[in-house]
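Residue numbers (the working numbering), protein chains in the order written: chain H, 13 to 291; chain D, 28 to 316.
Positions of the beta carbon are idealized from the N, C-alpha and C atoms, including for glycine.
No experiment lies behind these values; they were computed from the predicted model shown.
Report on one structure; see the data block that follows.
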Amino acid sequence: MSRKAAPLDYLSRWPLRLWLVLVAIFLYAPLFTLIAFSFNDSRRNIVWQGLTLDWYGAVFNDTDLLTAFGNSLTIAAISTVVSLILGAMVAVACWRFRFPLKPAFEGALALPIVVPEICMGVAMLVFFSRVMPWPDDLPWPFSLGAIIIAHISFSFPFVAVIVRARLASFNRELEEAAKDLGASEWRAFMDVLVPHMKPALIAGALLAFTLSLDDFVITFFTAGPDTVTFPVKVYSMVRFSVTPEVNAASTLLIVVTVLLTAIGLKMQGKDVGKMEGGQ
Amino acid sequence: MPEAHEQNWKRAKGPFAAVFTAPALWLLFFFLVPLAIIWAYSFGHTVDLTEISIDGTFSNYARIADPVYIQVFVKSLWYAALTTFLCLVVGFPVALAITFASDRQKVWLLLLIMLPFWTNLLVRTYALMAVLRTEGFVNDMLGWVGLGPWPLLHNNFAVVFGLVYVNLPFLVLPLYSALDRLDKSLLEASLDLGAGHIRTIFEVVVPLALPGILSGLLITFIPALGSYLTPDLLGGPDSQMIANVIERQFKRANDWPFGSALSFILMYLTFFAIAAQGIVAKRRKGLEQ
């Protein structure tokens, strides 16, 4: 390829490069500042006084924060699994079948994606406090049930969208061939359809996990006084003041996000590579 | 229009029920019913601390006509529109660069944009607080060149800045996917025929990618309109948006019916924006045919 002469090779033009650098600074400077100051040996987080890991020590001794972090990960894990199953099921249902009121159903399914978070948050607040009170004396992790339910409700439609887009490229003859060769509906589903959906399932799981881990507003309204998630806990710390401990906790969350992203990309890359190699 | 491969559910009731029932019930009980309840609440009034009677009154909606609330709605719409516009200005060149990058560069550039997007919203907002404070990093730098310190936090500037910061990736990705679908030979033809790059972008790229650009704008506008955290943490007392007012009705003022009415107005505004975008897209399609 003649890389240099291409007229559309915008990336090699300096104004655009400069723009990209500025956008990257805009997006990353706050995050890097936060990470840097989590190592700053000063209570007031303004002047650099030297390297310390004290704030991380404080985070790991803060049982409230650790509990909140554990809650968040548990909620995200359970919500991801259930969202993945429900999302894949409803995607297959809408892709394969024609049924009465299908457009209305598809519209309703898209609602959790478009309804503002705050509206869903208050709806969950009312639902779980008045209509279906979630008992708050349940043992962990059942005490997190209300939040998990809310998270599944807003996550699984996203999974459905991703899986359905993937199903569009499925060749139905493969499934029919499997059935002709004696496979049951279930076997054909598991052995033919599910492997085809796999990249979408990985992407959907990643999205559901991040959506859940990221959510503040809906959890803020759904959570009872005794069940606190990481964002809700950090929120109350932030309202109080900007402290180096919050910097350290936030940095840990950024690290978790980056690690998850790397794992997800690697899994997906491997999967795509395998499929392209197989064809 | 039913697609050719779709199977009538009656022909395979068992498999249909197996994949349809659970998600449909979940959606009904844990999403539609809660929404229906606050819809019903919006026509009620508070009797005492724990009781709300639903008596079909429109008084909650009538209260929204109060200039105080009208102002909040206008302000929210204006912030969301301004945010979307700024994201477009900042994000369009980025999307353009990603579209015409090599495959390898594309992956890295997308990751560059996506990584902050995957980072917790609260953490990002908090990071901005630390940077924008009067004793923060930006004012330090301004101080070195003899400017400031300027009040950058807890005001309207901070809210719009924060909204652009958290919503930018939301717009870059749909813009990129709209631009990526363009037939690049059309652009080359335009350049060959003597149009400059700027002219090509405004007269070829933008018109062709307009449906995708519009839906990208919508994807940014909707969450910006319903933002809660950004105005709450970065804004001052006069930079509240609808979501903050709703939160107050539910948590502090304990006026659930009025809060429900406000929620539904916000929802109707959202649906109106979606419908408007749909109509524009349809009209364009009609023109093309």
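(request) Would you kindly work out how many angstroms separate the C-alpha atoms of Val46 (chain D) and Ile164 (chain H), rounded to a whole number? (result) In the second sequence, counting from the first residue as 1, residue 46 (chain D) sits at position 19. In the first sequence, counting from the first residue as 1, residue 164 (chain H) sits at position 152. Their Cα atoms are separated by approximately 17 Å.
(request) Determine the extent of the alpha helix (DSSP H) in which Thr240 (chain D) is found, giving its start and end residues. (result) Locating residue 240 (chain D) in the second sequence gives position 213, counting from the first residue. Just to set this straight, residue 240 (chain D) is Ile in the shown sequence, not Thr. Counting along the chain, the alpha helix (DSSP H) containing Ile240 (chain D) begins and ends at Val233 to Leu252.
(request) Go through its chain and collect everything with a Cβ distance to Leu150 (chain H)'s Cβ below 8 Å, but skip five positions before and after it. (result) In the first sequence, residue 150 (chain H) corresponds to position 138, counting from 1. Contacts found: Gly157.
(request) Report yes or no: do three or more beta-carbon pairs, one from the region 231-247 of chain D and one from the region 196-212 of chain D, lie closer than 8 Å? (result) yes
(message) Relative to the C-alpha of Lys191 (chain H), which candidate in H:Leu205, H:Asn73 and H:Ala180 has its C-alpha closest?
(response) Position 179 of the first sequence, counting from 1, holds the residue named residue 191 (chain H). Considering only alpha carbons, the answer is H:Leu205.
(request) Work out the CA separation of Thr146 (chain D) and Phe221 (chain H) for me, nearest whole Å. (result) Translated into positions along the first sequence, residue 221 (chain H) becomes position 209. Translated into positions along the second sequence, residue 146 (chain D) becomes position 119. Rounded to whole angstroms, Phe221 (chain H) to Thr146 (chain D) spans 12 Å at the Cα level.
(request) Give every residue of the same chain whose Cβ lies closer than 7 Å to the Cβ of Thr263 (chain H), excluding the five residues on either side of it in the sequence, and list them in chain order. (result) For the purposes of this step, residue 263 (chain H) is taken as the residue at position 251 of the first sequence. Result list for Thr263 (chain H): Leu46, Ile47 and Ser50, in chain order.
(message) Between Pro196 (chain D) and Pro120 (chain D), how many whole angstroms is the CB-CB distance? I'm expecting something under 8 Å.
(response) Numbered from its first residue, the second sequence carries residue 196 (chain D) at position 169. Numbered from its first residue, the second sequence carries residue 120 (chain D) at position 93. In fact, because the Cβ distance is near 15 Å, the residues do not count as touching under 8 Å.
(request) Using a Cβ cut-off of 7 Å (strictly closer), state whether Glu197 (chain H) contacts chain D. (result) Along the first sequence, read from residue 1 onward, the residue named residue 197 (chain H) stands at position 185. Judged by the 7 Å Cβ criterion, Glu197 (chain H) is in contact with chain D.
(message) According to DSSP, Thr73 (chain D) sits in a beta bridge with which residue or residues?
(response) Within the second sequence, the letter at position 46 stands for residue 73 (chain D). Bridge partners of Thr73 (chain D): D:Ile79.
(message) Going by C-alpha to C-alpha distance, which of D:Ala128, D:Arg90 and D:Ala122 sits closest to Asp24 (chain H)?
(response) Counting from one through the first sequence, the residue named residue 24 (chain H) turns up at place 12. Reading the sequence as shown, one finds Ser at residue 24 (chain H) and not Asp. Here the closest residue by C-alpha is D:Ala128.
(message) What are the residues in the region 147-158 of chain D lying within 9 Å of chain H by C-beta distance?
(response) Asn147, Leu148, Leu149, Val150, Arg151, Thr152, Tyr153, Ala154, Leu155, Met156, Ala157 and Val158
(message) With a threshold of 6 Å on Cβ separation, who are the neighbours of Thr241 (chain H) within its own chain once the five nearest residues in sequence on each side are excluded?
(response) Within the first sequence, residue 241 (chain H) is the residue found at index 229, counting from 1. Counting only Cβ-Cβ distances below 6 Å, and skipping sequence neighbours, we find Ala80, Asn83, Ser84 and Thr231.
(message) I want to verify the contact list: residues of chain D whose CB lies under 7 Å from the CB of Tyr247 (chain H), in sequence order.
(response) Here residue 247 (chain H) refers to the residue found at position 235 of the first sequence. Result: Leu149.
(request) Pull up the distance between the alpha-carbon of Asp238 (chain H) and that of Val134 (chain H), whole angstroms please. (result) Numbered from its first residue, the first sequence carries residue 238 (chain H) at position 226. Numbered from its first residue, the first sequence carries residue 134 (chain H) at position 122. Answer to the nearest angstrom: the Cα atoms are 18 Å apart.
(request) Tell me whether Gln267 (chain D) sits in a helix, a strand or coil according to DSSP, three-state version. (result) Start at 1 with the first residue of the second sequence, and residue 267 (chain D) comes out as number 240. It is coil, neither helix nor strand.
(request) With a threshold of 16 other CB atoms inside 10 Å of the CB of Pro50 (chain D), please say whether the residue is buried or exposed. (result) Along the second sequence, read from residue 1 onward, the residue named residue 50 (chain D) stands at position 23. With 16 or more Cβ atoms within 10 Å of its Cβ, Pro50 (chain D) is classed as buried.
(request) Give a yes or no on whether the C-beta atoms belonging to Ile301 (chain D) and Leu289 (chain D) are separated by under 7 Å. (result) As a working mapping, residue 301 (chain D) is identified with position 274 in the second sequence. As a working mapping, residue 289 (chain D) is identified with position 262 in the second sequence. Going by C-beta atoms, Ile301 (chain D) is not nearer than 7 Å to Leu289 (chain D).
(message) So, under 8 Å CB-CB, Thr297 (chain D) and Asn194 (chain D) are touching, yes? Tell me the CB distance rounded to an integer number of Å.
(response) Here residue 297 (chain D) refers to the residue found at position 270 when the second sequence is read from its first residue. Here residue 194 (chain D) refers to the residue found at position 167 when the second sequence is read from its first residue. Contact doesn't hold; Cβ gap of about 15 Å is too wide.
(message) Is it buried or exposed, Ser91 (chain H), if we count other Cβ atoms within 10 angstroms and call 16 or more buried?
(response) The residue labelled residue 91 (chain H) in the question sits at position 79 within the first sequence. The residue is buried, with at least 16 neighbouring Cβ atoms inside 10 Å.
(message) Taking 7 Å as the threshold (beta carbon to beta carbon), is Thr227 (chain D) in contact with chain H?
(response) Numbered from its first residue, the second sequence carries residue 227 (chain D) at position 200. No, Thr227 (chain D) lies away from the interface with chain H (no Cβ there is under 7 Å from its Cβ).
(message) Against His32 (chain D), what residues of chain H qualify as contacts under a CB-to-CB distance less than 7 Å, listed in chain order?
(response) Reading the second sequence from its first residue, position 5 is the one you call residue 32 (chain D). Within 7 Å Cβ-Cβ: Arg184.
(message) Measuring only the C-alpha atoms, how far is Val307 (chain D) from Leu148 (chain D)?
(response) Translated into the one-based positions of the second sequence, residue 307 (chain D) becomes position 280. Translated into the one-based positions of the second sequence, residue 148 (chain D) becomes position 121. Each residue's Cα considered, the two are about 31 Å apart.
(request) Give the single residue among H:Leu77, H:Asp76 and H:Asn52 whose Cα lies nearest to the Cα of Trp67 (chain H). (result) Looking up residue 67 (chain H) in the first sequence gives position 55. The residue with the shortest Cα to Cα distance from Trp67 (chain H) is H:Asn52.
(request) State the beta-bridge partners of Phe140 (chain H) as determined by DSSP. (result) Position 128 of the first sequence, counting from 1, holds the residue named residue 140 (chain H). For Phe140 (chain H), which the question treats as bridged, DSSP gives no partner whatsoever.
(request) Return helix, strand or coil for Arg131 (chain D), following the three-state DSSP convention. (result) Working through the second sequence from its first residue, we reach residue 131 (chain D) at position 104. It is helical.
(message) Is there a C-beta anywhere in chain H that falls below 7 Å from the one on Pro29 (chain D)?
(response) Here residue 29 (chain D) is taken as the residue at index 2 of the second sequence, counted from 1. With a pLDDT of 48 at Pro29 (chain D), under the threshold of 50, the predicted position of this residue should be treated as unreliable, and no value is reported.
(message) Does any residue of chain H have a CB that is nearer than 7 Å to the CB of Tyr255 (chain D)?
(response) Here residue 255 (chain D) refers to the residue found at position 228 of the second sequence. Judged by the 7 Å Cβ criterion, Tyr255 (chain D) is in contact with chain H.
(message) What does the alpha-carbon distance come out to for the pair Lys102 (chain D) and Ala260 (chain H)?
(response) Here residue 102 (chain D) refers to the residue found at position 75 when the second sequence is read from its first residue. Here residue 260 (chain H) refers to the residue found at position 248 when the first sequence is read from its first residue. Their backbone Cα atoms lie some 35 Å apart in a straight line.
(request) Just mark Thr247 (chain D) as buried or exposed, buried being the case when its beta carbon has 16 or more other beta carbons within 10 Å. (result) Indexing the second sequence from 1 puts residue 247 (chain D) at position 220. Per the 10 Å Cβ criterion, buried.
(request) Would you check if the region 83-101 of chain D and the region 181-188 of chain D touch, i.e. whether three or more CB-CB distances between them fall below 8 Å? (result) no
(request) Measure the C-alpha to C-alpha separation of Ile269 (chain D) and Arg184 (chain H) and round it to an integer number of angstroms. (result) Indexing the second sequence from 1 puts residue 269 (chain D) at position 242. Indexing the first sequence from 1 puts residue 184 (chain H) at position 172. So the alpha carbons of these two residues sit roughly 47 Å apart.
(request) Tell whether a beta-carbon distance below 7 Å holds between Ala89 (chain H) and Leu225 (chain H). (result) Here residue 89 (chain H) refers to the residue found at position 77 of the first sequence. Here residue 225 (chain H) refers to the residue found at position 213 of the first sequence. No, the Cβ-Cβ distance between Ala89 (chain H) and Leu225 (chain H) is not below 7 Å.
(request) From the DSSP output, in three-state form, read off Asn73 (chain H) for me. (result) On the first sequence, position 61 is the one that residue 73 (chain H) refers to. It is helical.
(message) Strictly by DSSP, which residues pair up with Leu63 (chain H)?
(response) Along the first sequence, read from residue 1 onward, the residue named residue 63 (chain H) stands at position 51. According to DSSP, Leu63 (chain H) bridges with H:Asn52.
(request) Note down, in chain order, every chain H residue with its Cβ under 8 Å from the Cβ of Val60 (chain D). (result) Here residue 60 (chain D) refers to the residue found at position 33 when the second sequence is read from its first residue. Phe139 and Val143, listed in chain order.
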